[in-house]
Structures are given as C-alpha cells and as structure tokens.
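Visitor: Got a structure for you, questions after.
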Amino acid sequence: MKLGILILLVLGFGWALFSRVLPFSTEVLIVAGISILFMTIIHERYVFLYGISIILSYGAFLTIYAFFFTQRPDLELMYVYSHLLFTGFILSFWLLLNQIKQIGYEASELSRQVQLLQKYHGETDILTENEFSEQAQWVLKTTERRQEEAWFVEIMINSKNKRTEQNIKESLERATLSTIRPKFDLATSTRHSIYLLLKDIDEDGVRLMLEQYRDKVKQELNLLDSPYTVRKEQVSNLNELSRALGKAI
Amino acid sequence: MNILITATVVLFWILLLFYSAVTISGVWYRLRFQNPPKISHYPSVALLIPAHNEEIVIENTLRAMARLKYEGQLDIYVLDDSSKDGTANIVQEFAEVFSRIHYIPVPQGNPKGKSRVLNYGLSITDSDYFVVYDADNEPEPRALEKLVQAAEIVQNAAGAVGYVKTKNVDKNVLTRMIALEFQVFQLLMQCGRWALFGLGSLAGTNMLLRRSVIEELGGYDVFALAEDAELTVRLTAAGYKLPVVPTSRTWEQEPETLKAFIKQRTRWLTGNLYLLEKSLKDWSHWRGRTFILSMQHLLTYFIFVLMLLISDLFFILSISGVDMPIITAPLMILWFMTYIVYTAQLLSAIVIDRNVSPANVLYVLIMYFTYAQIFILLLALSLTKYTWSKLRNKTIAWDKTQRFKGRVHS
C-alpha cells in the first residue's frame, strides 16, 4: 500500500515536472534524472544528505536568481511551484528507497531469526549449526560434570566434481545420521564439512564408529578414492570445542 | 517601511542560518557520539521525582525507576506535593518493597511549584549528585549511569543532561508533532549548541547536577516557572558546563489535547519571559558563553515568533493582491525558503533518530503551517498573562501539566 502510493507520487511529480512549463524546467528535469541514478547507486547513509543538499541548493539558486534578476511576484510564484515539484519528486523518491531498504532489512532480519529457530537442515534432518552449538553446550557441561570423554570429529568432503558435490554431501550426511547414536550424539554440516560431537565414548569407540561409517558410504557411492578425510580430537569443555571448530572453519 | 521590511528579512534569515548551523553541528555530534566510559567509583545520587496528583502515571514511573542500573548508591525520593488522589498509596506500596524508593510528603508552602518542591528534596538529602525526573518519566535502565559518567569525565561539569523521548507519540497528530519538535529543538539543537559553544541546557527532567554546584548557586529560584532554563543561565554564568548525553534516554508523556498543550507551553513561555526580564537586569547573563544562551532565549521566545507573525502577514497580504511596498528583495521566495529550511531541519532529525516513515514526513511537511503557528498564539497569551500579573503585582501560579491515562506496563 505504502509502496504503491510512493511510486504514484514519484510518477506524479515526475510527470508534473515534465509537462508543466515552469522556469528552468529542462535543467530541473536533467538534475532530477541524474539524482534518481545517483541516489540509487550511493550508499544508503548518503541518500538523504544528497537529497536535502540538492533541494537546498536549488532553493539557494532560485533565491539568488530572484534577488538579481526578478522581483515580480508572479515569476517568484513560478519559482516556488518549480521548487515544490522538484522537492516533492526528490523527497518521494528518497522515501521510496527508504521503504524498499526497510523491507530488505526486515526480510534479512526475519530470515536470520528463522535460521536461529530452525533445528534441522531441510534435506537430511541434520542439526543446524546454531542448534549444534546450543546442544553442544549442554552435552559438554554434563560430560564435564560426569568426567566422561567426548570426541569432536570433522569429516571433510574432498569432491572435486562441483556437479555432484552437493549430493555426495547429502549421502555423507545420511550415512552420518544412521551411524551415530540418535538423540545422543550431535551432527551438523557446513558447505564442505560435517561435524560430529560424540559423547561418553573413548578413542576405540570413535574408530569403530568411523569404520561403520566408511562401510555405509561404500555401499552408496561408487568412488574408488574416499570422498572424505577425517580429523578427530578429544574435547572436554566448550573452549576446546570452540578451538576445534575454529581450526575446522 | 522599506528599512523595516529589509531589516526583518535580514534578521529572519540570520536566525534561520544560525539554526541551520546549529542543526548541522547537532547531526555531526550525534553521528560521532560515543558513550562516556565506565568510571572507577560511582558517586551517590538522590533521584528526585516531584509529584502532585500523579496516580495515573506514577506506577509506570516507579516500575521504570526500580529497573535503573547504577553501581553506586542510589536513593529514589518521590516528593509528594499535597496529592489528593491515590499517589501516596501507590508510592508507599513500592517503598515497602524496594529499599531504595522513599515516599516523602512535602510540607505546604508558597509559592507553589516544582522549584520549591525540589529545594525541599535537596534539603532532606545529602548525596554527591541529584537527578530530576518528572512524575510521568520512564528512564531507560542505563540512563542515569551514562549521565554520571559524563558529569565525572567532562572538566568543570555541573552535571549532565539526557534526551527526552515521547512515550505517547502515536496517540494523535499533536503528540506526533510534539515528538518531532523535541527531536529537533530539544535534542538536535541541544547537541549542536554543545558541539559549537560547549553549552548544554537543563531540560527539567533527565538532568543530573552536582550538589555542591546547586548549593553554591543558592538552590532553585522558587519564582521561576521555567526553573530549568533559569538555572541553566545561572550555571553557565558561573562558568559551569552541562555535557549532553543523547544516549541517556527517558520516555515522557506529552499533552494529548490542544488545551493541555497550550496550558503547558504558556507556562514555559511565561517562565522564559520572567527569565528574560531577570537577564535584562543582570549583566552577568550577557557575558561569555552566557551571552549566547541569553541571546538564544531572546531570539527563540520573542524575536523568532514575532518574525513568524510578520512573515505570515506579508505572505497573506501579497497573495491577497494588496499593494505591498516595493522593496529590492524577492519576499515571496524568501518566505518560501524559510519553510524549506525549517522542514529540512525536521527531516534531518527524523533521519538521525531513525524514524523515517511516510506518515512522519507528511507531518514534517505540514508542521510549519500548523504547529509552528500555534506559537504566535502562545506568545500573545503568555505576554498578556505576564504583563497582567506584573500590573497586579501578583505571582503567577504554577500550572501542572495534565497527565493522561496510558497503558500500565508489566
């Protein structure tokens, strides 16, 4: 609704500038056209500054011009009309840009909030990174209190074929979810890696789990070379996990 | 006649350019502003809330006060000036629960008004600083802390002043316009004066002062209706500074009806006329930085409104086809540009405060023709009131601003 009215205002003022025969109408049209381009290109924080500067500058020009060349009220009134149309055009275009940018900000804020609320990635139901970090805090706190072992595993995807990379990753994610203990271990993924947090397990247990994983991957993929490499390290608190994740990222 | 018109035009434009320079400096200050840093020791503060029949707002106020975060000793005193409604009960309920909230009944006395109540509050407390909040104010949790930090850091500071935002901005056209006016004239120009001349002015609320300073100056002037403006002039004349902290915010209720607005602003204008008269008798008000402050009072509250009236008359006469004296200045375009400059200042304020919306821009565009014109009526009313009271040799009674029922916050 608001956007529609603003578009109508921009068009209306533009049409009036174009069709009314007012002093300096050609020059004003050129400046208005350049201003549209300029205001669209420049950084948001300078749009208003530019708009108000150009409005005040045109006003100052008309005032000085009137002082030296015209002192007829009927002509002065024409200058006022011309300035009003120009101001209306610039202000409504500035408002339109402002509203569009606000909608953009709201949309990115909403998608950020949706990402925070999402627990699983759509295709494979693996945890989102945010949810992984949240749940990892609980897991590591209990592990620390019970003096148990927890292991961080990074599975790095090696695929060189961009066309099949995404599907390989999804296959690896499915294999991951069927290998780890559901509702006990945690798994998430980024573009090129899958991360696991395995709790209450020792190094032999991790090795066994990775062997099972390798077998499952072999069943699904016809690749001679392993499509992934593995890095693992023991973690006992959040700092160590952050460090391990930091190294990974 | 020609000379008079030319002088009016020239003066009007000098004023407009001056205000534009102050606005630009204000924008510059706001963009560069950083919160004052933490300090090692937070001095004790007495928070004074003068109250008179405040039952419809005081609950929200005290809820906000209880949420204030301050690392030093903070005591909140509600100074009840003979309330006849439920103010005392509400405050006492809070005082029973929160150790730092105190209910203080103020003894009867004359002349009535905020200054006398504040002087009483000062007499019963002994903190290093005191801060004043009106009874309808809801400061943000860190508002006071920021004021104290600024006051402690700036050399020769008598205290510090914060920003007053409008709580009931969406209530109607009037409250929206008051909010816009506050954004420009209360904050942006306040910031600009501080940036250009090192001048801050007390806003009557969300203002912190050092006790030693107010004691040195002999407390509040009980006859001043605009006690904040009056004290600002004395502080500045004594060489003190008042840093402006735009991030220290309080939310205040503004008049929701034209009647309440006229009553409030007539009091403010009458108070400023009293201050003008006082300044004309006291030459210390016209030296150094105080000169700018006194000049600004004279120009804002008297000359500017008078010129607004003259410019309106010229405009109406010229479009009505009345023969105007021929002068060598394009009056109509000059008049038009005053509107453009005034509007540009308001637009800058809403951009800086990040509340640009089509509705706000529309209000800004019509404010010169509506809201600003009310000030001609206000000046006429306050001049009449002030002159009448002088002729009868009587003190003008304090008129408390009417409060409006808002939503009780949780």
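Residue numbers (our numbering), protein chains in the order written: chain A, 1 to 249; chain B, 250 to 659. Beta carbons are placed, not taken as given, at the ideal position from N, Cα and C, and that holds for glycine. It should be emphasised that the depicted structure is a prediction, and the values quoted were computed from it without experimental measurement.
Report the start-end ranges of each beta strand (DSSP E) in the stretch 188-240 of chain A that is 3 residues or longer and not cut off at the edges.
Guide: Listed in chain order, they are 193-199, 228-235.
Visitor: Would you call tyrosine 268 of chain B buried or exposed, if buried means 16 or more other Cβ atoms sit within 10 Å of its Cβ?
Guide: As a first step, residue 268 of chain B is located in the second sequence; it is residue number 19 there, counting from the start. The residue is buried, with at least 16 neighbouring Cβ atoms inside 10 Å.
Visitor: Three or more C-beta pairs under 8 Å: does that hold for the stretch 544-563 of chain B against the stretch 625-644 of chain B?
Guide: The answer is yes - the stretch 625-644 of chain B touches the stretch 544-563 of chain B, with three or more Cβ pairs under 8 Å.
Visitor: Please find out if some non-hydrogen atom of the ligand GDP comes closer than 8 Å to the beta-carbon of histidine 83 of chain A.
Guide: Questions concerning the ligand GDP fall outside what the structure shown contains, since it holds no ligand whatsoever.
Visitor: Check each candidate in B:Thr310, B:Trp517, B:Ser289 and name the one with the smallest Cα separation from lysine 654 of chain B.
Guide: Taking the first residue of the second sequence as 1, we reach residue 654 of chain B at position 405. The shortest Cα separation from lysine 654 of chain B among B:Thr310, B:Trp517, B:Ser289 belongs to B:Thr310.
Visitor: Output, in sequence order along the chain, the residues in the stretch 590-611 of chain B whose CB is closer than 8 Å to any CB in chain A.
Guide: Cβ contacts with chain A come from Val590, Ala593, Leu596, Ser597, Val600, Val605, Pro607, Val610.
Visitor: For threonine 142 of chain A, which of A:Trp15, A:Asn237, A:Pro23 has the nearest alpha-carbon?
Guide: If you number the first sequence from 1, residue 142 of chain A lands on position 142. Closest by alpha carbon: A:Asn237.
Visitor: Going by C-alpha to C-alpha distance, which of B:Arg365, B:Asn359, B:Tyr489 sits closest to glutamate 401 of chain B?
Guide: On the second sequence, position 152 is the one that residue 401 of chain B refers to. Per the Cα distances, B:Tyr489.
Visitor: Measuring CB to CB, does glutamine 118 of chain A end up less than 9 Å from glutamate 131 of chain A?
Guide: For the purposes of this step, residue 118 of chain A is taken as the residue at position 118 of the first sequence. For the purposes of this step, residue 131 of chain A is taken as the residue at position 131 of the first sequence. Taking 9 Å as the Cβ cut-off, glutamine 118 of chain A and glutamate 131 of chain A qualify as a contacting pair.
Visitor: What does isoleucine 52 of chain A touch in chain B if you count any residue whose Cβ is under 8 Å from its own?
Guide: For the purposes of this step, residue 52 of chain A is taken as the residue at position 52 of the first sequence. Here the neighbours are Ala593, Leu596, Ser597.
Visitor: Within 10 angstroms of its Cβ, does isoleucine 249 of chain A collect 16 or more other Cβ (buried), or is it exposed?
Guide: Translated into positions along the first sequence, residue 249 of chain A becomes position 249. Reliability fails at isoleucine 249 of chain A, whose pLDDT of 48 lies under 50, so the model's placement of it is uncertain and no value is given.
Visitor: For isoleucine 249 of chain A and chain B, any beta-carbon pair shorter than 9 Å?
Guide: One-based indexing of the first sequence puts residue 249 of chain A at position 249. Confidence at isoleucine 249 of chain A is low in this model, with a pLDDT of 48, below 50, so its placement is unreliable and no value can be given for it.
Visitor: Is the Cβ of glycine 59 of chain A closer than 9 Å to any Cβ of chain B?
Guide: On the first sequence, position 59 is the one that residue 59 of chain A refers to. Interface residue, yes.
Visitor: Any Cβ of chain A within less than 9 Å of the Cβ of methionine 581 of chain B?
Guide: As a first step, residue 581 of chain B is located in the second sequence; it is residue number 332 there, counting from the start. Yes, because at least one Cβ of chain A sits closer than 9 Å to the Cβ of methionine 581 of chain B.
Visitor: Determine the direct distance from the alpha carbon of glutamate 394 of chain B to that of tyrosine 635 of chain B, and round the result to whole angstroms.
Guide: Position 386 of the second sequence, counted from the start, is the residue given in the question as residue 635 of chain B. Position 145 of the second sequence, counted from the start, is the residue given in the question as residue 394 of chain B. So the two alpha carbons sit approximately 39 Å from each other.
Visitor: In this structure, does DSSP put lysine 472 of chain B in helix, strand or coil?
Guide: Reading the second sequence from its first residue, position 223 is the one you call residue 472 of chain B. Sequence inspection shows phenylalanine at residue 472 of chain B; the lysine mentioned does not correspond to that position. If DSSP states are grouped into helix, strand and coil, phenylalanine 472 of chain B belongs with coil.
Visitor: Roughly how many whole angstroms lie between the Cα atoms of arginine 460 of chain B and alanine 473 of chain B?
Guide: Counting from 1 along the second sequence, the entry for residue 460 of chain B is found at position 211. Counting from 1 along the second sequence, the entry for residue 473 of chain B is found at position 224. When rounded, the distance between both Cα atoms is 20 Å.
Visitor: Return the chain-ordered list of same chain residues with a C-beta closer than 6 Å to the C-beta of glutamine 721 of chain B, the five sequence neighbours on each side being excluded.
Guide: Since the first residue shown for chain B is 250 and the last is 659, residue 721 of chain B is missing from the structure and cannot be characterised.
Visitor: Whose Cβ in chain A lies nearer than 9 Å to the Cβ of methionine 586 of chain B?
Guide: Counting from 1 along the second sequence, the entry for residue 586 of chain B is found at position 337. Correct list: Leu56, Gly59, Ala60, Leu62, Thr63, His83.
Visitor: Could you pull the start and end residues of the beta strand (DSSP E) that valine 327 of chain B belongs to?
Guide: Within the second sequence, numbered from 1, the residue matching residue 327 of chain B stands at position 78. Counting along the chain, the beta strand (DSSP E) containing valine 327 of chain B begins and ends at 323-329.
Visitor: In chain B, which residues lie with their C-beta within 8 Å of the C-beta of valine 80 of chain A?
Guide: If you number the first sequence from 1, residue 80 of chain A lands on position 80. The answer, in chain order, is Met581, Ile582, Phe585.
Visitor: Please report how far the alpha carbon of leucine 264 of chain B lies from the alpha carbon of methionine 438 of chain B, in whole angstroms.
Guide: Along the second sequence, one-based indexing puts residue 264 of chain B at 15. Along the second sequence, one-based indexing puts residue 438 of chain B at 189. Distance between the alpha carbons of leucine 264 of chain B and methionine 438 of chain B: 13 Å.
Visitor: Measure the alpha-carbon distance for glutamine 234 of chain A versus aspartate 125 of chain A and round it to whole angstroms.
Guide: Indexing the first sequence from 1 puts residue 234 of chain A at position 234. Indexing the first sequence from 1 puts residue 125 of chain A at position 125. Whole-angstrom Cα-Cα distance: 25 Å.
Visitor: Might you give, ordered along the chain, the residues of its own chain that have their beta carbon closer than 6 Å to the beta carbon of tryptophan 443 of chain B, omitting 5 neighbours on each side?
Guide: Within the second sequence, numbered from 1, the residue matching residue 443 of chain B stands at position 194. Gly449, Val493.
Visitor: Give the residues of chain A in contact with serine 567 of chain B, contact being defined as C-beta atoms less than 8 Å apart.
Guide: By 1-based counting over the second sequence, the position of residue 567 of chain B is 318. Residues of chain A passing the Cβ test: Pro73.
Visitor: Name, going along the chain, the residues of the stretch 4-20 of chain A whose beta-carbon falls closer than 8 Å to a beta-carbon of chain B.
Guide: Of all residues in the stretch 4-20 of chain A, Ile5, Leu6 have a Cβ within less than 8 Å of some Cβ in chain B.
Visitor: Kindly identify the DSSP beta-bridge partner or partners of tryptophan 151 of chain A.
Guide: Here residue 151 of chain A refers to the residue found at position 151 when the first sequence is read from its first residue. According to DSSP, tryptophan 151 of chain A bridges with A:Leu198, A:Gln234.
Visitor: I'd like to know if threonine 40 of chain A contacts chain B, where contact means its C-beta is closer than 9 Å to some C-beta of that chain.
Guide: By 1-based counting over the first sequence, the position of residue 40 of chain A is 40. No - not a single Cβ of chain B is within 9 Å of the one on threonine 40 of chain A.
Visitor: Use the C-beta contact count for glutamine 137 of chain A: other C-beta atoms within 10 angstroms, 16 or more gives buried, fewer gives exposed.
Guide: Working through the first sequence from its first residue, we reach residue 137 of chain A at position 137. Glutamine 137 of chain A comes out exposed.
Visitor: Taking DSSP as the reference, what is the three-state secondary structure of phenylalanine 347 of chain B?
Guide: The residue labelled residue 347 of chain B in the question sits at position 98 within the second sequence. Three-state DSSP puts phenylalanine 347 of chain B in coil, outside helix and strand.
Visitor: Would you mind giving the Cβ-Cβ distance between leucine 91 of chain A and glycine 51 of chain A, rounded to the nearest angstrom? I have them listed as a contact below 8 Å.
Guide: Walking along the first sequence from the start, residue 91 of chain A turns up at place 91. Walking along the first sequence from the start, residue 51 of chain A turns up at place 51. The Cβ separation is near 7 Å, so the contact holds.
Visitor: Could you check if glycine 441 of chain B is buried or exposed, using at least 16 other CB atoms within 10 Å of its CB as the buried criterion?
Guide: Along the second sequence, read from residue 1 onward, the residue named residue 441 of chain B stands at position 192. Looking at its Cβ environment, which holds 16 or more other Cβ atoms inside 10 Å, glycine 441 of chain B is buried.
Visitor: For chain B, is any of its Cβ atoms less than 9 Å away from the one on leucine 22 of chain A?
Guide: Here residue 22 of chain A is taken as the residue at index 22 of the first sequence, counted from 1. No, its Cβ sits nowhere closer than 9 Å to a Cβ of chain B.
Visitor: Per DSSP, what kind of secondary structure is arginine 20 of chain A in: helix, strand or coil?
Guide: As a first step, residue 20 of chain A must be located in the first sequence, where it is residue number 20. In this structure, arginine 20 of chain A counts as coil in the three-state DSSP scheme.
Visitor: Closer than 9 Å, Cβ to Cβ, to anything on chain B: give me those residues from the stretch 93-118 of chain A, in chain order.
Guide: Residues passing the 9 Å Cβ filter: Trp94, Leu95, Asn98, Gln99, Gln102.
Visitor: I want to see whether chain B comes within less than 9 Å of alanine 66 of chain A, judged by CB atoms only; does it?
Guide: For the purposes of this step, residue 66 of chain A is identified with residue 66 of the first sequence, where counting begins at 1. For alanine 66 of chain A, the answer is yes, since a Cβ of chain B falls inside 9 Å of its Cβ.
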